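Letter by letter, the sequence shown follows residues 1 to 128 of the UniProt record's numbering.
We put the beta carbon where it would ideally sit given N, CA and C, even for glycine.
Computed from a predicted structure; not experimentally measured.
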Amino acid sequence: MDHIDPSTQIKIEIQTRFLPGQSDPESHRFVFSYEITITNEYSQPVQLLSRRWVVTDGNEHVQEIEGEGVIGEQPIIQPQQYYQYTSGTVLATRVGSMFGHYTMETSDGHRFNAPIPAFTLALPNALH
């Protein structure tokens, strides 16, 4: 049995989008969606148990969000398969960032954190 750290075998990709129709810049309300694809490159199934996000807006206001699963689910991701979902967040500024981790468990009961790399939320053309 190889001793590969499962946290290095979970690939997380993020695509973000600004939602102008739900945003109200005059009220300092900027709504973003993010689509996350979690690919299991580990040798056994993993279950996503919980999430922890650190959201920082352009004013350095930090919000920490923790909860069970994602979008009401605790998906089991089979080896070489992926799970995809879309969620969103509201910022008070035109630009911000997010990072965090998912707590996951292998089919043999080993719990680990899969890091979510930092990504930027920004209005189109807000960063030059």
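Of the residues Tyr83, Val55, Arg29, the one whose Cα lies closest to the Cα of leucine 123 is Arg29. Closest in C-alpha terms to isoleucine 71, from the list Tyr85, Val90, Val46, Gly21, comes Tyr85. Put simply, the stretch 57-74 does not touch the stretch 12-20. Fewer than three CB pairs are less than 8 Å apart. Put simply, the backbone Cα of valine 90 is about 13 Å away from that of threonine 16. For asparagine 40, the closest of Val55, Met104, Gly96 by C-alpha to C-alpha distance is Met104. Exclusion of the five residues before and after asparagine 59 leaves Thr93 as the residues of its chain whose Cβ lies within less than 6 Å of its Cβ.
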